[in-house]
Amino acid sequence: MKDLHTFGELIQGNKIVIPKIQRDYVQGSNAQQEKRDEFLAVLLDHLVSGKEYHLDFIYGTGGTDQGEFLPLDGQQRLTTIFLIHWVLSQRSGIRDIDVKDYFSYQTRRSSELFCQKLIEERIDFSCFSKGQTISEYIRKEVAWYLKQWDTDPTIQAMLDMIDATDVFISKPRYRDHWMKMCINSMSLLKFDCLNMKDFHLSDSLYVKMNERGKQLTSFENWKARFIKFLADQHANSQYEFIEKDRENYTGIKDYFVQSIEHQWSDIFWTYAIEEWRKLKPGEQKDKPYPVIDRYFERYIEYIHELHFYLKNPKINGEDVKTSDYTNKFGQQCSTYSDIEYLSLMFRSLDVFVNIKRENGSISNFFNAIFYQGNEYVIGKVRLFSKEIPKDLDLFKYCISNKRENCLVTIQIFLYSIIQYCQENQCYKPNPELIRYVRVMRNLIDGVRQFLTKDLSYRSNIRLNEISNYEKTIRHLCSAKGVDSLLISCPAGLGNIAHEIAKNELRSVCTAGNFDELEDCSLFHGNLSVVKYVLDGNTSYNDLVAAISEFKKLSDTKKNQLLISQGYRGIRVGWSSYQNRFYYGCQEKGWEFIFMHDSGREVAKPFNDYVREYIMYGDIETILKTHKKDNGYIGYALKYDDFLESAGKLYYYAGYYYDNPIDLRIVSLQRASSRPLSGYHCEPFAQIVVNHLKAENKDIKVSSWGYGGNRGSIHCDSLNLKLKSYTDHWKIDIDYPDNVLPEHKSLQQVFSEYKSVYNLSWNEDCSSLIIPLLEGKDLVETGVSFIKDLLG
Numbered sequence: 011m012k013d014l015h016t017f018g019e020l021i022q023g024n025k026i027v028i029p030k031i032q033r034d035y036v037q038g039s040n041a042q043q044e045k046r047d048e049f050l051a052v053l054l055d056h057l058v059s060g061k062e063y064h065l066d067f068i069y070g071t072g073g074t075d076q077g078e079f080l081p082l083d084g085q086q087r088l089t090t091i092f093l094i095h096w097v098l099s100q101r102s103g104i105r106d107i108d109v110k111d112y113f114s115y116q117t118r119r120s121s122e123l124f125c126q127k128l129i130e131e132r133i134d135f136s137c138f139s140k141g142q143t144i145s146e147y148i149r150k151e152v153a154w155y156l157k158q159w160d161t162d163p164t165i166q167a168m169l170d171m172i173d174a175t176d177v178f179i180s181k182p183r184y185r186d187h188w189m190k191m192c193i194n195s196m197s198l199l200k201f202d203c204l205n206m207k208d209f210h211l212s213d214s215l216y217v218k219m220n221e222r223g224k225q226l227t228s229f230e231n232w233k234a235r236f237i238k239f240l241a242d243q244h245a246n247s248q249y250e251f252i253e254k255d256r257e258n259y260t261g262i263k264d265y266f267v268q269s270i271e272h273q274w275s276d277i278f279w280t281y282a283i284e285e286w287r288k289l290k291p292g293e294q295k296d297k298p299y300p301v302i303d304r305y306f307e308r309y310i311e312y313i314h315e316l317h318f319y320l321k322n323p324k325i326n327g328e329d330v331k332t333s334d335y336t337n338k339f340g341q342q343c344s345t346y347s348d349i350e351y352l353s354l355m356f357r358s359l360d361v362f363v364n365i366k367r368e369n370g371s372i373s374n375f376f377n378a379i380f381y382q383g384n385e386y387v388i389g390k391v392r393l394f395s396k397e398i399p400k401d402l403d404l405f406k407y408c409i410s411n412k413r414e415n416c417l418v419t420i421q422i423f424l425y426s427i428i429q430y431c432q433e434n435q436c437y438k439p440n441p442e443l444i445r446y447v448r449v450m451r452n453l454i455d456g457v458r459q460f461l462t463k464d465l466s467y468r469s470n471i472r473l474n475e476i477s478n479y480e481k482t483i484r485h486l487c488s489a490k491g492v493d494s495l496l497i498s499c500p501a502g503l504g505n506i507a508h509e510i511a512k513n514e515l516r517s518v519c520t521a522g523n524f525d526e527l528e529d530c531s532l533f534h535g536n537l538s539v540v541k542y543v544l545d546g547n548t549s550y551n552d553l554v555a556a557i558s559e560f561k562k563l564s565d566t567k568k569n570q571l572l573i574s575q576g577y578r579g580i581r582v583g584w585s586s587y588q589n590r591f592y593y594g595c596q597e598k599g600w601e602f603i604f605m606h607d608s609g610r611e612v613a614k615p616f617n618d619y620v621r622e623y624i625m626y627g628d629i630e631t632i633l634k635t636h637k638k639d640n641g642y643i644g645y646a647l648k649y650d651d652f653l654e655s656a657g658k659l660y661y662y663a664g665y666y667y668d669n670p671i672d673l674r675i676v677s678l679q680r681a682s683s684r685p686l687s688g689y690h691c692e693p694f695a696q697i698v699v700n701h702l703k704a705e706n707k708d709i710k711v712s713s714w715g716y717g718g719n720r721g722s723i724h725c726d727s728l729n730l731k732l733k734s735y736t737d738h739w740k741i742d743i744d745y746p747d748n749v750l751p752e753h754k755s756l757q758q759v760f761s762e763y764k765s766v767y768n769l770s771w772n773e774d775c776s777s778l779i780i781p782l783l784e785g786k787d788l789v790e791t792g793v794s795f796i797k798d799l800l801g
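Counting in my numbering, the sequence shown runs from 11 upward without gaps.
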């Protein structure tokens, strides 16, 4: 056989037999639609225009007595061309192959028989119903198609390819040229054929290299297609940023091929081996060796998505819901047709090559920069994200998770580190790099939004904003010494003014360890409240001592302490019952309180707490002193369950936010956009019920409210309810339409308790008023009255 063959020459002299050692046909499958359609469009365009198309090498063995050619590599392409020719032959009516059985796919008896019957079939398209596809016709109309073939992957992929070809050639561009295209498919599609027998090569060599049934991975396909893209798009382009160990590979395609097979693969190999070694013995049988494909694919997806948005800064993130769009192969080619972004991708990979070489491993690099947990580590930066594994390897995190499961904050954070290492050729952690990382952590972590629907204070970092973030990142990477660059830094990412203000604070308070304060879970890098306190001439050591004691407190005690200093929570919106205000709870809640709006609502109360802590020396004394305060502060400090009535969310609605004297409050027990849409409670009523049940667990009282109606104490056995007001309780009939003989009327209550509780009627005589007992507060008055009422 000569070296260059057309498809027609190949089948006229030989029967093409796909041998049993080969895998299933997959190229035409709908699962490969994007790649299939791209390849199909190229082939059909050449056939309709009359241009030759070269399909690279096909390796095989030939020259047998039966005149067979057995492709060992290239069988997917040959099968696709066979099917395209078959469809064109059927549509044009040309029968241009004399050989009866010229193509056979013998991986299974079923696929072998299918090809035989397919070649024999002549379709009468006039019998087709409207919209019927060729595959539907074959499955339902021909007598030779067997039902069990529905599960044969090769046959199903062939049917998919037949339908796809038929759809394509039905387009106006091809519709009138079927005969010409059928003839051209025999002469214009060419291969370089290597007959392994001519070179004394056994097909056992191929068998060892490509186990039976093993399909090319998606990464192998991507790599081959990307190399071809580079050869076509950047054929004469030289790569500018060549590493010393690849000085002989100056062309872009050559540099890529060398790197992806060697240096770049090596950086993922460590993770593949680590993953493989963790497999159980039974699992290792199914996966007999480590594979880097998934890691490499995910890195390309990660870095390309950033480059996509950098190149297309006007694309709204809402228009691109997932990375499926940005990481289609065609879109990658569009991005990397620009040599600037292609170079950025190459350079980013080389950053990790150099990091691994200089640190022994990439994980060592990140471990030298970061720590996790509340215990401060000198010279390192705290990673607040709990989603990051204990090894602190941001690179591993981004290549181990699907894009949709990967925190955007970490993706941007990693990108900022790549940029610094790249621009400063810094691959080993040093104080300058760590200082830069700390500033970037603060800037990125400070981009937040508060969502009232679930009371969460979440990152508002978005991938499609990378072109804005890039302005800040590139400026702070432009030279060593990030602090000197902050002053002239363009806005784009985070609150740069905060970082500048902290540097001014450092210059004034030289004894302070502000890195440690930044790493405190209360502040997350935002020291606005700290600055407010220190600007008031408080010493750094006194402040640290006060912060340390504050952090030890429960959420209830933290809130009580701040309330004692006049803290009133943060207004977060309106509800069907007045303003909503949130105090803060758990780590995420306190982040919000101390970071949002530079901690404006909590700065003064916290400052006053620090001053009283310096004065009294302990927190209990502060709380005891303020328990004597009137109104809201006194109740909040005297009764722990006053605050905890909100189910430990510390979330309320009421007039009180605007008028501290008015104590009509609702405890919101759910974090949602409509917190009053169900049952809730009122703190004074809840405290009274708690006290009553603590003495008698069987007492028939309950506390609840519903919708926009503030909660009450419900005495079910008497059909009465009590609702609290700032200085009195109001008694009403609970269910006026359901009054029973055993229930008490308001008149009876008035007659029995008028003198003891100084009861009075309201203006329209529809309710009774219970004023505060002498020397008693609302809770104590309510408890006393209900105990008497229920005997």
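Quick reminder that beta carbons are idealized off the backbone N, C-alpha and C, glycines included.
#1: Kindly indicate which residue of 498, 507, 525 and 420 has the alpha-carbon position closest to the one of residue 441.
#2: Are the segment 535 to 547 and the segment 600 to 611 touching, with three or more C-beta to C-beta distances below 8 Å?
#3: Can you check DSSP and say which residues form a bridge with residue 78?
#4: Which of helix, strand or coil does DSSP assign to residue 739?
#5: Pull up the CB-CB distance for residue 802 and residue 394, whole angstroms please, since I reckon it's below 8 Å.
#6: In chain order, what residues of the same chain lie with their CB nearer than 7 Å to the CB of residue 229, ignoring the 5 residues before and after it?
#7: CB residue 428 to CB residue 371, shorter than 8 Å?
#8: In chain order, what residues of the same chain lie with their CB nearer than 8 Å to the CB of residue 281, ignoring the 5 residues before and after it?
#9: Per DSSP, what kind of secondary structure is residue 659 in: helix, strand or coil?
#10: From which residue to which residue does the beta strand (DSSP E) around residue 724 run?
#11: Roughly how many angstroms separate the alpha carbons of residue 363 and residue 40, rounded to a whole number?
#12: Can you tell me whether DSSP reads residue 445 as helix, strand or coil?
#13: So, using beta-carbon positions, are residue 114 and residue 27 closer together than 8 Å?
#14: Does the separation of the CB atoms of residue 434 and residue 490 fall below 8 Å?
#15: Output needed for residue 322: all residues of its chain with C-beta closer than 7 Å, excluding positions within five of it in sequence on either side, in chain order.
#16: Would residue 766 and residue 698 be called neighbours here (beta carbons separated by less than 8 Å)?
#17: Across the segment 680 to 687 and the segment 606 to 621, are there enough close Cβ pairs to call them in contact, namely three or more that are closer than 8 Å?
#18: Rounded to whole angstroms, how far is the Cβ of residue 744 from the Cβ of residue 724, which I believe are closer than 8 Å?
#19: What residue does the alpha helix (DSSP H) around residue 591 start on, and which one ends it?
#20: When you compare the CB positions of residue 421 and residue 473, do they come within less than 8 Å of one another, or not?
#21: Mind checking which residues open and close the beta strand (DSSP E) that includes residue 677?
#22: Three-state secondary structure (DSSP) at residue 360?
#23: In chain order, what residues of the same chain have a beta carbon less than 6 Å from the beta carbon of residue 216, not counting five sequence neighbours either side?
#24: Out of 269, 150 and 156, state which residue places its alpha-carbon closest to the alpha-carbon of residue 121.
#25: Check each candidate in 479, 463 and 631 and name the one with the smallest Cα separation from residue 505.
#26: What's the gap between the Cα of residue 24 and the Cα of residue 180?
#27: Report the option in 753, 194 and 138 whose CA atom is closest to the CA atom of residue 99.
#28: Check whether the Cβ atoms of residue 198 and residue 338 lie closer than 8 Å to each other.
#29: Going by the DSSP bridge assignment, what does residue 261 pair with across the sheet?
#30: If you reduce the DSSP assignment to three classes, tell me which class residue 459 lands in.
#31: Are the beta-carbon atoms of residue 384 and residue 531 separated by less than 8 Å?
#32: Please identify the residue among 105, 165 and 112 whose C-alpha is closest to the C-alpha of residue 38.
#33: In terms of alpha-carbon separation, which member of 378, 482, 801 and 248 lies closest to residue 437?
#34: So, are the CB atoms of residue 15 and residue 201 less than 8 Å apart?
#35: Find out if the Cβ-Cβ distance for the pair residue 740, residue 779 is shorter than 8 Å.
#36: Helix, strand or coil for residue 227, going by three-state DSSP, please let me know.
So, to answer that:
#1: On the sequence shown, residue 441 is found 431 positions in, with the first residue counted as 1. The shortest Cα separation from residue 441 among 498, 507, 525 and 420 belongs to 525.
#2: yes
#3: Within the sequence shown, the letter at position 68 stands for residue 78. 25, per the DSSP bridge assignment.
#4: Counting from one through the sequence shown, the residue named residue 739 turns up at place 729. In the structure shown, residue 739 sits in a strand (DSSP, three-state: E or B).
#5: Absent from the structure is residue 802, since the part of the chain shown begins at 11 and ends at 801.
#6: Walking along the sequence shown from the start, residue 229 turns up at place 219. Excluding sequence neighbours, residue 229 sits near 303, 306 and 307.
#7: Translated into the one-based positions of the sequence shown, residue 428 becomes position 418. Translated into the one-based positions of the sequence shown, residue 371 becomes position 361. Contact: no.
#8: Locating residue 281 in the sequence shown gives position 271, counting from the first residue. Hits under 8 Å: 302, 305, 406, 409 and 410.
#9: In the sequence shown, counting from the first residue as 1, residue 659 sits at position 649. Correct three-state label for residue 659: coil.
#10: Along the sequence shown, read from residue 1 onward, the residue named residue 724 stands at position 714. 719 to 725 is the extent of the beta strand (DSSP E) around residue 724.
#11: For this step, residue 363 is matched to residue 353 along the sequence shown. For this step, residue 40 is matched to residue 30 along the sequence shown. The straight-line gap from Cα to Cα measures roughly 37 Å.
#12: Taking the sequence shown and counting its residues from 1, the one referred to as residue 445 is at position 435. Looking at residue 445 - three-state DSSP - the assignment turns out to be helix.
#13: Mapped onto the sequence shown, residue 114 falls at position 104. Mapped onto the sequence shown, residue 27 falls at position 17. Yes, the Cβ-Cβ distance between residue 114 and residue 27 is below 8 Å.
#14: For the purposes of this step, residue 434 is taken as the residue at position 424 of the sequence shown. For the purposes of this step, residue 490 is taken as the residue at position 480 of the sequence shown. Taking 8 Å as the Cβ cut-off, residue 434 and residue 490 qualify as a contacting pair.
#15: Along the sequence shown, read from residue 1 onward, the residue named residue 322 stands at position 312. The answer is none, since no qualifying residue turns up.
#16: For the purposes of this step, residue 766 is identified with residue 756 of the sequence shown, where counting begins at 1. For the purposes of this step, residue 698 is identified with residue 688 of the sequence shown, where counting begins at 1. Not closer than 8 Å, so no.
#17: no
#18: As a first step, residue 744 must be located in the sequence shown, where it is residue number 734. As a first step, residue 724 must be located in the sequence shown, where it is residue number 714. Yes, residue 744 and residue 724 are in contact; Cβ-Cβ is about 6 Å, under 8 Å.
#19: Your numbering for residue 591 matches position 581 in the sequence shown. Not the alpha helix (DSSP H): residue 591 falls in the beta strand (DSSP E), residues 589 to 592.
#20: If you number the sequence shown from 1, residue 421 lands on position 411. If you number the sequence shown from 1, residue 473 lands on position 463. Contact flag set, yes.
#21: Here residue 677 is taken as the residue at index 667 of the sequence shown, counted from 1. Unbroken beta strand (DSSP E) run through residue 677: 675 to 677.
#22: Within the sequence shown, the letter at position 350 stands for residue 360. Three-state DSSP puts residue 360 in a helix.
#23: In the sequence shown, counting from the first residue as 1, residue 216 sits at position 206. Low per-residue confidence applies at residue 216: pLDDT is 41, beneath 50, and the placement is therefore not dependable, though the value from the model is reported in the following sentence. Answer for residue 216: 82, listed in chain order.
#24: Within the sequence shown, the letter at position 111 stands for residue 121. If we check each option's Cα against that of residue 121, 156 comes out closest.
#25: Against the sequence shown, residue 505 aligns to sequence position 495. Closest by alpha carbon: 479.
#26: Numbered from 1 along the sequence shown, position 14 holds the residue referred to as residue 24. Numbered from 1 along the sequence shown, position 170 holds the residue referred to as residue 180. Rounded to the nearest angstrom, the two C-alpha atoms are 31 Å apart.
#27: Position 89 of the sequence shown holds residue 99. Minimum Cα distance to residue 99 is reached at 194.
#28: Mapped onto the sequence shown, residue 198 falls at position 188. Mapped onto the sequence shown, residue 338 falls at position 328. Their beta carbons are not under 8 Å apart, which means residue 198 does not touch residue 338 by this criterion.
#29: Numbered from 1 along the sequence shown, position 251 holds the residue referred to as residue 261. The partner list for residue 261 (beta bridge, DSSP) reads 248.
#30: Here residue 459 refers to the residue found at position 449 when the sequence shown is read from its first residue. The answer is strand: DSSP assigns residue 459 an E or B state.
#31: Position 374 of the sequence shown, counting from 1, holds the residue named residue 384. Position 521 of the sequence shown, counting from 1, holds the residue named residue 531. Yes. Within cutoff.
#32: As a first step, residue 38 must be located in the sequence shown, where it is residue number 28. Checking every option, the nearest Cα to that of residue 38 belongs to 165.
#33: In the sequence shown, counting from the first residue as 1, residue 437 sits at position 427. The residue with the shortest Cα to Cα distance from residue 437 is 378.
#34: Residue numbering aside, residue 15 sits at position 5 when the sequence shown is read from its first letter. Residue numbering aside, residue 201 sits at position 191 when the sequence shown is read from its first letter. A contact, by the Cβ cut-off of 8 Å.
#35: Position 730 of the sequence shown holds residue 740. Position 769 of the sequence shown holds residue 779. For residue 740 and residue 779, yes; Cβs fall inside 8 Å.
#36: Reading the sequence shown from its first residue, position 217 is the one you call residue 227. Of the three classes helix, strand and coil, the one that applies to residue 227 here is coil, per DSSP.
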